[in-house]
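Visitor: For the protein sequence lines, the chains are S and R, in the order given. Reminder that position 292 of the first sequence reads as 292 in this note's numbering, one-by-one numbering, no gaps. All you need for this note's numbering is the position in the second sequence, starting with 1, plus 298. Don't be surprised by glycine CBs; every beta carbon is placed ideally from N, CA and C. Here it is, the structure in full.
Number of protein chains: 2
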Amino acid sequence: MEVFGGIEAGGTKFLCGVGTCPEDVEITSFPTSSPDTTVRKAADYIRERAGTSLCAVGIGSFGPIDLDPGSETYGYITSTPKLAWQNYDFAGAVARILEAPVAFDTDVNAAAVAEGCWGAAQDVEDFIYLTVGTGIGGAAVVNGRLVHGLMHPEMGHIRLPHDFAQDPFAGDCPYHNDCLEGLASGSAIRERWKESAHDLPADHSAWVLEAQYLALAVSTWVCTLSPKQIVLGGGVMQRDFLFPMIREQVRRLLNNYIPKREMLEELDKFIVPPQLGNHSGVLGAILLAKELYLQGLD
Amino acid sequence: MEVFGGIEAGGTKFLCGVGTCPEDVEITSFPTSSPDTTVRKAADYIRERAGTSLCAVGIGSFGPIDLDPGSETYGYITSTPKLAWQNYDFAGAVARILEAPVAFDTDVNAAAVAEGCWGAAQDVEDFIYLTVGTGIGGAAVVNGRLVHGLMHPEMGHIRLPHDFAQDPFAGDCPYHNDCLEGLASGSAIRERWKESAHDLPADHSAWVLEAQYLALAVSTWVCTLSPKQIVLGGGVMQRDFLFPMIREQVRRLLNNYIPKREMLEELDKFIVPPQLGNHSGVLGAILLAKELYLQGLD
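What follows is the structure, given as structure tokens:
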């Protein structure tokens with residue numbers, strides 16, 4: 001029997017899974033601590049559940065990470081503000097402990113492939129997956145393949161119109177101040193309003209602003225990539241009244257410029273929530289492991 | 299002998315070429331008038347030069363256009379503000395007149411594939427081609443293939459930070475006012491400064507603003523697509539002092555966030571001019587024709 005391990009490595013939480021698909025998976029989670037302790041814990045869980053059936057392990061990691069197979073630091077977390085994890089050989093450590101091939105990608109790339117295989121974007125060749133949580137990350141699938149490019153997308157860091165009169169908050173991204181993440185992440189919401197995205201009441205003006213920033217980002221990506229679907233996930237998007245608000249603003253921003261039914265009449269099918277809940281990242285890591293294993297059999 | 303026809307259809311000018319590659323091509327150009335007259339003229343030129351050797355014709359057209367092979371209006375120019383060309387069956391007309399298979403794509407997509415095959419982005423699997431002329435259009439190549447998606451990218455229409463205090467010009471895009479095209483196209487430059495991009499002196503403050511908007515767009519695309527190269531072409535970019543200005547602003551905007559040598563030290567190889575001059579569009583149209591023909595032989 002072939003079994004795969006998956007690790008979704010977040011800055012505050014790790015999710016580990018063992019299995020093959022959403023119907024056949026066991027998942028656990030624990031807080032992120034030091035690299036050695038956390039990775040050891042993840043590996044122990046995977047080894048215990050998978051035993052000798054383990055064929056490969058996938059990692060979907062917070063970043064930035066080095067995905068260049070030709071690089072000496074391939075598989076490393078690179079310039080993260082989390083100091084203990086800087087220049088950490090993540091893929092290497094997992095491969096050494098579990099003695100298995102390791103697929104390595106970003107957390108959002110992993111989540112995107114899972115949503116593309118089993119979730120909201122099944123059989124969609126061109127889509128974007130965005131997670132709006134403590135931070136904001138995005139992944140793009142184009143012509144059926146993940147976008148990697150030079151490094152990997154860092155969609156949370158695009159600049160948007162920021163009307164300081166309407167929103168005097170300077171933004172909290174340590175690199176860019178008022179990029180998308182600096183203005184619209186869960187962390188920015190908490191800093192601006194002194195309340196969490198989870199607790200802010202649904203009629204708070206925070207949400208008008210939040211929908212506006214996310215709609216600006218969505219319309220930027222519609223113009224840049226012409227996706228067939230945009231999946232918006234992450235903790236902040238669990239406030240699901242945001243979906244119609246974002247769609248309305250996207251409609252206003254694009255102003256009928258894209259003469260496609262999907263953009264003019266079917267925005268409710270175009271901008272959608274994920275379907276794998278909190279498990280898209282870890283399931284995607286399992287899927288990446290599976291793909292790596294199958295490539296090896298070719 | 300196999301010969302291909304190429305048409306680069308611009309809003310003000312058509313370029314037509316007959317040949318196989320940059321070293322073997324004849325090119326002519328004439329102003330865009332009514333669809334029937336202009337297309338007839340292009341077809342006459344191609345037929346005359348290619349004779350019975352014509353294997354296929356490529357069109358790189360201004361847009362928006364319908365590229366969905368499953369659509370009833372595939373090959374049409376759709377919602378252009380140029381009324382005579384609205385809902386015009388461009389690919390169909392060329393195919394009927396020349397009795398040849400027709401490859402159809404946007405003008406910038408055509409230019410991008412030519413720069414990728416013979417020009418500035420040779421052998422680059424992930425790059426962006428932008429043209430900054432009367433309007434602004436962009437194309438992306440990801441994993442070696444053009445991005446099409448739902449329709450095709452309309453990169454000129456992304457929204458950017460617009461500081462009205464510094465730049466009170468409202469923008470001239472009829473759909474979005476101050477999108478990138480509305481702020482930074484040749485048309486916006488002329489409208490704002492009452493002088494053309496060609497004539498404005500190099501020390502005019504217009505260029506600081508222009509570099510800033512283009513750098514904002516470039517950094518948005520770096521974060522979205524993680525390209526390995528960005529080619530900036532079009533009439534406005536012929537003012538080549540813009541290149542170092544844009545690179546400097548991109549460096550400032552990204553603020554060392556992308557820990558890759560290409561972004562930190564080699565921006566002069568990352569943000570580059572095209573190498574096929576004004577012929578990338580028409581050569582790309584020829585290349586698209588060639589690819590269509592070769593597919594047919596498979």
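With a threshold of 7 angstroms between beta-carbons, can C223 of chain S be considered close to chain R, or not?
Guide: Cβ-Cβ to chain R under 7 angstroms: yes for C223 of chain S.
Visitor: So, is G17 of chain S buried or exposed, given that buried needs 16 or more other C-beta atoms within 10 angstroms?
Guide: Buried, by the Cβ-count rule.
Visitor: If we require 3 or more residues per run, which beta strand (DSSP E) segments fall completely within the stretch 489 to 532 of chain R?
Guide: Within the stretch 489 to 532 of chain R, the complete beta strand (DSSP E) runs of at least 3 residues are 527 to 531.
Visitor: Taking its Cβ as the centre, do 16 or more other Cβ atoms sit within 10 Å of D44 of chain S, making it buried, or is it exposed?
Guide: Burial call: exposed.
Visitor: Assign V147 of chain S to one of three DSSP states: helix, strand, or coil.
Guide: Three-state result, V147 of chain S: coil.
Visitor: Starting from the Cα of M543 of chain R, find the closest Cα among R:A513, R:F568, R:P525 and give me that residue.
Guide: It is R:A513 whose Cα lies nearest to the Cα of M543 of chain R.
Visitor: Using the Cβ count rule (16 or more neighbours within 10 Å means buried), how would you classify H198 of chain S?
Guide: When all chains shown are included, H198 of chain S counts as exposed.
Visitor: So H152 of chain S contacts chain R; which residues on that side make the cut at Cβ distance below 9 angstroms?
Guide: Neighbours of H152 of chain S on chain R, chain order: S524.
Visitor: Please list the residues of the stretch 366 to 391 of chain R that have a C-beta atom closer than 9 angstroms to any C-beta atom in chain S, keeping them in chain order.
Guide: Per Cβ criterion, the list reads D366, T376, S377.
Visitor: Taking Cβ-Cβ distances below 9 angstroms as the criterion, which residues of the stretch 238 to 258 of chain S are in contact with chain R?
Guide: If the cut-off is 9 angstroms between Cβ atoms, the stretch 238 to 258 of chain S has L253, L254, N255, N256, Y257, I258 near chain R.
Visitor: With I363 of chain R as the anchor, note down where its beta strand (DSSP E) starts and where it stops.
Guide: Here I363 of chain R belongs to no beta strand (DSSP E), and DSSP marks it neither H nor E.
Visitor: Tell me the DSSP secondary structure of K13 of chain S in three-state form.
Guide: Looking at K13 of chain S - three-state DSSP - the assignment turns out to be strand.
Visitor: On the DSSP letters alone, give me the boundaries of the beta strand (DSSP E) that V534 of chain R sits inside.
Guide: Where V534 of chain R is concerned, there is no enclosing beta strand (DSSP E), given that its DSSP letter is neither H nor E.
Visitor: When DSSP labels each residue in this structure, what does S485 of chain R get in the three-state scheme?
Guide: Looking at S485 of chain R - three-state DSSP - the assignment turns out to be helix.
Visitor: So for I556 of chain R, helix, strand or coil by DSSP?
Guide: If DSSP states are grouped into helix, strand and coil, I556 of chain R belongs with coil.
Visitor: Quick check on the DSSP output: the alpha helix (DSSP H) that includes Y293 of chain S runs from which residue to which?
Guide: First-last of the alpha helix (DSSP H) with Y293 of chain S: 280 to 297.
Visitor: I'd like to know if G447 of chain R contacts chain S, where contact means its C-beta is closer than 7 angstroms to some C-beta of that chain.
Guide: Yes, contact with chain S.
Visitor: Can a CB atom of chain S be found closer than 7 angstroms to the CB of E589 of chain R?
Guide: Not closer than 7 angstroms to any Cβ of chain S, the Cβ of E589 of chain R fails to qualify, so no.
Visitor: Among S:I77, S:V39, S:D24, S:E23, which has the Cα closest to the Cα of F30 of chain S?
Guide: Here the closest residue by C-alpha is S:V39.
Visitor: N385 of chain R by DSSP, collapsed to three states: which one?
Guide: Reduced to three states, the DSSP call for N385 of chain R is coil.
Visitor: Does DSSP classify I97 of chain S as helix, strand or coil?
Guide: Reduced to three states, the DSSP call for I97 of chain S is helix.
Visitor: DSSP beta-bridge partners for C319 of chain R?
Guide: According to DSSP, which records beta bridges pairwise, C319 of chain R is partnered with R:D322.
Visitor: Contact criterion: CB-CB distance below 7 angstroms. Does E397 of chain R meet it with respect to chain S?
Guide: No, E397 of chain R does not count as interfacial toward chain S.
Visitor: Once DSSP output is grouped into helix, strand and coil, what is the label at I434 of chain R?
Guide: Strand, per DSSP.
Visitor: Using a Cβ cut-off of 7 angstroms (strictly closer), state whether N407 of chain R contacts chain S.
Guide: Chain S contact via Cβ: absent.
Visitor: Consult DSSP for F270 of chain S and reduce its assignment to one of helix, strand or coil.
Guide: Note: F270 of chain S maps to helix in three-state DSSP.
Visitor: Take every Cβ of the stretch 438 to 447 of chain R, pair it with every Cβ of the stretch 369 to 378 of chain R, and state whether three or more of those distances are shorter than 8 angstroms.
Guide: No, the stretch 438 to 447 of chain R is not in contact with the stretch 369 to 378 of chain R.
Visitor: Between which two residues does the beta strand (DSSP E) harbouring A56 of chain S extend?
Guide: Segment 54 to 61, the beta strand (DSSP E) holding A56 of chain S.
Visitor: Going along chain S, which residues have a C-beta under 8 angstroms from T598 of chain R?
Guide: Given that chain R is displayed from residue 299 to residue 596, the structure contains no residue 598 of chain R and the question cannot be resolved.
Visitor: Could you give the residue range of the alpha helix (DSSP H) that holds T336 of chain R?
Guide: Where T336 of chain R is concerned, the enclosing alpha helix (DSSP H) stretches over 333 to 348.
Visitor: Between N143 of chain S and chain R, is there a C-beta pair that is closer than 7 angstroms?
Guide: Chain R, which has a Cβ nearer than 7 angstroms to the Cβ of N143 of chain S, makes this yes.
Visitor: From A504 of chain R to V124 of chain S, what distance separates their C-alpha atoms?
Guide: Taking the straight line from one Cα to the other gives about 43 angstroms.
Visitor: How close, in whole Å, do the beta carbons of I189 of chain S and V236 of chain S come, if the pair is a contact with beta carbons under 8 angstroms?
Guide: Indeed, because the Cβ distance is near 7 angstroms, the residues count as touching under 8 angstroms.
Visitor: Within this structure, are the beta carbons of F62 of chain S and A95 of chain S separated by less than 7 angstroms?
Guide: Contact: no.
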